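Structure first, commentary second.
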Amino acid sequence: MNLKIKDKSLKFDINKNKKMKNIKILPIMLVLAVMASLTAFSQEKITVKGSDTMVILAQKWAELYMKTNPSASIQVTGGGSGIGITALINGTTDICNASRPMKQTEIEKLKARYNTLGVEIPCAKDGVTIFLNETNKVSELTLQQLSGIYTGKIRNWKEVGGNDAEIRLYGRENSSGTYTYFHDEVVKADYAANTQSLPGTAAVVNAVKKDVNGIGYGGAAYAVGVKNAKVKKDSNSTAYLPTKESIGKGAYPITRFLYMYLRNRPTGETKKYIDWILSAEGQMVVTEVGYFPVK
Amino acid sequence: MKKLLAIGIFALISVYGFSQTQKPDSLKDVIEKHEGKLNALDDRVLVNEADLSKLNKIKVSGYIQSQWESYGADLEKSNGYNNTFYIRRARIKFTYEALDGVKFVLQPDFSTGNISLKDAYAVVNIPKLKNWTLWAGQMNRPDYEVEYSSSQREVLERSRVIRTIYPGEREVGVKLEYAGTKIPLKFQLMAMNGNFTGAQAKDVDSQKDIMARLVYSVKLPGAGIGIDFGPNVYYGGNLSKNNKYFKNSDGTLDSLKSVWKYLNKNWVGGEIQIFADVLGGMAIKGEYITGINSSPGTVAATSTMAQMLASPSLYNNFSGYYIYFIKNIGPKNQFVAKYDYYDPNIKLSGDAAGNNIYYKTWTFAWQYYLNDFIRISLNYEMPKNEINASNPTDKKDNTLGVRIQAKF
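The listed protein sequences derive, respectively, from chains A and B. Counting from 1 along the first sequence, just add 9 to a position and that's the residue number in the numbering used here. Counting from 1 along the second sequence, just add 4 to a position and that's the residue number in the numbering used here.
What follows is the structure, encoded as structure tokens:
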């Protein structure tokens, strides 16, 4: 397996075979490698795509950062964590925001395409909040009850201490990280067929605000004009609202990290931007928006 | 005139009377009417969403590989041409996720003159055993290079050792798989017919072959390094129906107790993949396999001992390995160098090996990812064979390939 033998064999074949004598395969490859290397590091604009839960936070970060760093150009779009991760794998975004961890299958795609595991940066914490209409008598739910409600096993509010009324389910589309997180950590089975999928947490909150029998879930930052249900692990546990204290202690049962993902370890402007997000100044924005700092 | 006046008065009275009967709706009525309409629309949306969610459970993906290849002189002699265009793959994969944890996969291949079934299996999450799945049907054998789809692979063809011991990549059987989420471990255990090459609908003997693979992943996020490694093992056999004689690896003749006995087909292997985030991603991947492979001698049931001895079964100790070096250059380009080795009979070399000669193959490739869907590959494969009396020169079998792959 030494290189000399290989080189001789290549020379031998190319020289002896007239049909292939003009193919200088290795020099071509080397030239292409140099050209590609030169173009690889010329990007300056930072594109951020992904989680709708994080879009208000990401926009606020970008806005403030660009104010103090006028040379920086940061473009933020939502679409859902799934869309963001696909964009990261396809190479159409520099940073992916995700409200759930990347799945093993997604990491495998990243490995296959870029030969890296990706870089995961937890940048905020969130308590997945259970939204109820303000007139709803119910004030707390166990994880099991939530699973029952969202799988369609519990269909009436009176089964969980509320009025005798049919429960109306609101949720997110399947490209949403919150949809996946809530499915994996709470529902743990198929969502009920009558769950209305809405594009964004703001739409879920809006629907529950108008529907006295509605229930929804989503990022804590969106909980305006609705009642937040306390959540407890089981009937014997203490119920918690998603507050700074309960999230900080890890007592709120549906606490999660919000992440930024990159293909490679950040360098240049991207590194500066991420360092700023993780700084005290960047983490203050997290609190202002309604999420919880990582530190 | 009087007549006209009368008609006019009648018309005015009629209009007045009509306008008196059409009282404007109250705001409450209007709201109720619209609320009813909205509720009806809401119900229709729910029905449509339910229908749409069924469709969302079906995922369609696929790829087409259109290729041009140019061959060395010896391949030109055997093929009758020194270059060709062809469709290497034209596949559509249908995945239907019927329920949470129940998935069906069907993948036909439509490449020219060869419509064949590649994958047809069901995957079920085992109740109460988190991360365990049961697979049943026709699927890839559990091996790294086998499972690594050609739509992702960095060189045009798999290694010679893998192509030889796992022909067609697929097998028919059942597989138990554990893919840990908290423990970074993957375990696969498959029971299969063991002789599948893509043609047989059923097994050709009673014994089932067993294959197991274990992969452990280590992550060093600070250094941007990930390492996957683990062993694999194959335990199976080939039924020697009509010939009890076989030739050992060292060329000696031996005999089974009788016909209708099994010749072993056992091997062990180890794999490693190292991924490193060094100026844009880099990987080194390798696998080593060694063991015994057998192939039954094909003679008629009524053959004499002399005929049996003339065409004995083969019982060979073999070994093979491959190693890839892959470097990403920016987000769109990739350079690949690969070396693979395969010796079908490690006990004999030189003239004694006959046609069971080893091959050492260097492959260099360049990938260019035009966009999310299109990949262009330039690939140069240089096999170097063992030289002996039966094969007095290194065959001129280098192959240059250019592939355009469209994936969706």
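Ideal Cβ placement from N, Cα and C applies to all residues, glycine included. If you're wondering where the values come from, they're calculated on a predicted model, not measured in any experiment.
- Taking residue 408/B as the centre and dropping the five residues before and after it, the same chain places the C-beta of 70 and 380 closer than 6 Å to its C-beta, in chain order.
- Note on residue 272/B: under 16 other CB atoms within 10 angstroms of its CB, so exposed under the neighbour-count rule.
- In the assembly as shown, residue 345/B is a buried residue. Its beta-carbon has 16 or more other beta-carbons within 10 Å.
- The straight-line gap separating the alpha-carbon atoms of residue 120/A and residue 258/B is approximately 48 Å.
- Going by DSSP, residue 244/B is part of no alpha helix (DSSP H) but of the beta strand (DSSP E) stretching over 229 to 244.
- Listed as beta-bridge partners of residue 213/B by DSSP are 196/B.
- In this structure, the straight-line span from the alpha carbon of residue 361/B to that of residue 319/B is close to 15 Å.
- Residue 175/B is bridged by DSSP to 143/B.
- About 3 Å separates the beta carbon of residue 299/A from that of residue 230/A, a gap short enough to meet the 8 Å contact definition.
- Residue pairing by DSSP leaves residue 281/B without any beta bridge partner.
- Listed in chain order, the non-local C-beta contacts of residue 44/B below 7 Å within the same chain number zero, local neighbours out to five positions each way being set aside.
- The closest CA to that of residue 218/A, considering only 141/A, 250/A, 92/A and 93/A, is found on 141/A.
- Here DSSP, grouped into helix, strand and coil, assigns residue 337/B to strand.
- Within the same chain, and ignoring the five residues on either side of residue 402/B in sequence, the residues whose Cβ sits closer than 6 Å to its Cβ are 76 and 386.
- By the neighbour-count criterion, in which a residue is buried when 16 or more other Cβ atoms sit within 10 angstroms of its Cβ, residue 317/B is buried.
- Taking CB atoms only, residue 118/B has no neighbour in chain A less than 7 Å away.
- Legend: CB atoms of the stretch 108 to 132 of chain A lying less than 7 Å from CB atoms of chain B belong to residues 113, 120, 121, 123, 124, 125 and 126.
- Note that the C-beta distance between residue 136/A and residue 55/A is not below 7 Å.
- Contact of residue 173/A with chain B is not assigned, every C-beta pair being separated by 7 Å or more.
- At least one CB of chain A lies nearer than 7 Å to the CB of residue 285/B.
- Judged by beta-carbon spacing, residue 329/B lies within the 7 Å limit of residue 288/B, meaning their Cβ atoms are closer than that value.
- Within the stretch 170 to 239 of chain A, the alpha helix (DSSP H) runs of at least 4 residues that lie entirely inside it are, in chain order, 186 to 191 and 210 to 219.
- Taking a Cβ-Cβ threshold of 7 Å, the residues of chain B close to residue 99/A are 376, in chain order.
- Contact annotation for residue 183/A against chain B: 60 [CB-CB distance below 8 Å, chain order].
- When 7 Å is used as the limit between beta carbons, residue 156/B is near these residues of chain A: 121, in chain order.
- With a cut-off of 8 Å on Cβ pairs, the stretch 189 to 201 of chain A is in contact with the stretch 154 to 161 of chain A, counting three or more such pairs.
- 279, 281, 284, 285, 286 and 287: these are the residues of the stretch 277 to 307 of chain B whose beta carbon lies less than 7 Å from some beta carbon of chain A, given in chain order.
- In this structure, residue 99/A and residue 59/A do not form a Cβ contact; the two beta carbons are roughly 13 Å apart against a cut-off of 8 Å.
- Relative to the Cα of residue 231/B, the nearest Cα in the group 203/B, 211/B, 281/B and 264/B belongs to 281/B.
- The Cβ of residue 265/A sits no closer than 7 Å to any Cβ of chain B.
- When beta bridges are read from the DSSP output, residue 122/A appears opposite no residue.
- C-alpha of residue 205/A to C-alpha of residue 123/B: approximately 34 Å in a straight line.
- By the criterion of a C-beta distance shorter than 6 Å, residue 406/B is surrounded in its chain by 72 and 382, once the five residues flanking it on both sides are discounted.
- Look at residue 208/B here: in three-state DSSP terms it is coil, with no helix or strand label.
- With 16 or more other Cβ atoms inside 10 Å of its own Cβ, residue 192/A counts as buried.
- Taking C-beta atoms as the reference points, residue 146/B and residue 194/B count as a pair closer than 7 Å.
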